[in-house]
Every structure is written in C-alpha cells, then in structure tokens.
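Q: Quick one: the structure is below, and I'll ask about it shortly.
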Amino acid sequence: MDKKVTSSLNEQINKEFFSAYLYLSFANWCEDQGLDGFANWYQVQAQEERDHAMMIVGYLQNNDEHVEYEAIKKPASSWDSALDVLKAGLAHEKYITASINNIYATALEAKDFRTTQFLDWFIKEQNEEETSAGMLIKKAEMIGKEGNGLYMLNQELASRVYTPPTVAE
Ligand SMILES: [Fe+2]
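Written out as structure tokens, the structure reads:
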C-alpha cells in the first residue's frame with residue numbers, strides 16, 4: 038500500500054480512539070450534571086468510535102500493513118451547558134469528516150481504490166453522525182434551558198442502545 042495512505046490510516050486510528058475518549062469525557066460531565074440519558078448516549082457513541090478504530094486496524098492488518106498506536110491526548114473535561122456539549126460533538130464530527138475526506142483524496146491520488154472503497158462506509162457514517170449531532174442541537178435549542186424540556190430530551194437519549202457496526206467486506 039501507498040505509504041501516505043497507510044500513515045494517514047494509522048493517524049485516523051488515533052483520531053477514532055480520541056473520539057471515544059472525548060465522548061467518554063462528555064458522558065462523565067453529563068453524569069455529574071444528573072443527565073444520565075445524555076451520559077448513556079455518549080457512552081454508546083464512544084463504543085461506536087472504538088469500533089471505527091478497530092475497523093481500520095483490521096483493514097491495515099488484512100493488507101499486511103503495520104499498525105502503530107500513538108498516545109491518545111487528554112480530552113476537555115468541562116463545558117458550560119448540555120447545549121455546549123452537543124455543539125462540541127458536532128464540531129468534532131466535522132473535524133473527523135474532513136480527516137476522512139483527506140484520506141479518501143490521498144487514496145484516490147495513489148489510485149488505491151481498495152482503500153477508497155473501504156472508506157465509503159466511513160463517508161456515509163460521517164454523514165449520519167453530523168445529521169444526528171445537528172438534530173440534537175436543534176432539539177436542545179428548541180427547549181432552551183427549561184428543566185422540563187431538558188429532562189425529556191435526557192429521557193429520550195437514555196433509550197439509545199449499542200449495536201455493533203454492519204460492514205460489507
Ligand atoms: Fe468515528
């Protein structure tokens with residue numbers, strides 16, 4: 038495989054693990070505020086991020102490429118409101134989308150169509166991530182800071198259940 042493609046995929050593994058770490062930090066903050074539904078939402082999200090990392094690990098290994106784990110940087114740990122957490126989540130997903138797009142462009146340049154095909158799943162996934170993060174922000178803005186609305190949104194987010202990714206190999 039092209040060196041630039043493999044190094045950017047290795048970097049993406051770290052970014053996905055950092056995403057998991059960031060979402061676990063969101064979950065901790067939410068838990069501290071009594072927003073246990075939000076905490077559940079982000080714990081499930083963190084599990085998905087770990088899956089994303091491991092999908093890339095598996096892909097590199099299946100292509101006989103070396104996987105190198107780097108240190109995961111410390112995530113932020115406090116926010117001003119639940120809305121701020123949701124906004125930080127969307128901003129982070131946009132950063133991840135840009136990163137995936139860059140790897141896609143690198144793979145395309147290297148005529149590595151196997152990798153572009155592998156990344157198609159991630160491109161679609163990022164669209165879903167941004168849509169759901171954006172939707173949560175709209176809902177949070179709709180209810181404002183009122184306790185009742187926030188409580189209801191918290192209940193809604195409590196129902197999210199983890200399901201492993203389905204990937205067409
Ligand atoms: Fe991800």
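Per this note's numbering, residue 38 is the first one in the sequence shown, and the count goes up by one each step. Positions of the beta carbon are idealized from the N, C-alpha and C atoms, including for glycine.
Have a look at Asp149 and Met38 and give me their C-alpha separation to the nearest angstrom.
A: Here the question's residue 149 lines up with position 112 in the sequence shown. Here the question's residue 38 lines up with position 1 in the sequence shown. Taking the straight line from one Cα to the other gives about 8 Å.
Q: Touching or not, the region 155–162 and the region 171–181, by the rule of three or more beta carbon pairs under 8 Å?
A: They do not touch, by the three-pair rule.
Q: Ignore the nearest five residues each way along the sequence and tell me which others in Ala113's own chain have a CB closer than 6 Å to its CB.
A: In the sequence shown, residue 113 corresponds to position 76, counting from 1. Excluding sequence neighbours, Ala113 sits near nothing in its chain.
Q: Going by DSSP, what residue range makes up the alpha helix (DSSP H) through Leu59?
A: Position 22 of the sequence shown, counted from the start, is the residue given in the question as residue 59. Lys40 to Asp69 is the span of the alpha helix (DSSP H), which, as asked, contains Leu59.
Q: Check whether the Cβ of Gln107 lies closer than 7 Å to any heavy atom of ligand 1, and answer yes or no.
A: Counted from its first residue, the sequence shown places residue 107 at position 70. Before going on, a small fix: residue 107 reads as Glu here, not Gln. Checking every heavy atom of ligand 1 against the Cβ of Glu107, none is found closer than 7 Å.
Q: With a Cβ-Cβ cutoff of 8 Å, do Cys67 and Phe55 count as a contact?
A: Taking the first residue of the sequence shown as position 1, residue 67 is located at position 30. Taking the first residue of the sequence shown as position 1, residue 55 is located at position 18. No, the Cβ-Cβ distance between Cys67 and Phe55 is not below 8 Å.
Q: From Ser45 to Gln84, what does the alpha carbon distance come to, in whole angstroms?
A: Start at 1 with the first residue of the sequence shown, and residue 45 comes out as number 8. Start at 1 with the first residue of the sequence shown, and residue 84 comes out as number 47. Those two C-alpha atoms are separated by around 22 Å.
Q: Beta-carbon separation of Leu59 and Ala119 under 8 Å?
A: To locate residue 59, count along the sequence shown from 1; it is residue 22. To locate residue 119, count along the sequence shown from 1; it is residue 82. Taking 8 Å as the Cβ cut-off, Leu59 and Ala119 do not qualify as a contacting pair.
Q: Which whole-angstrom value is the C-beta distance of Ala147 and Val81, which I expect to be below 8 Å?
A: By 1-based counting over the sequence shown, the position of residue 147 is 110. By 1-based counting over the sequence shown, the position of residue 81 is 44. Going by Cβ atoms, the distance from Ala147 to Val81 rounds to 35 Å, so no, they are not a contact pair.
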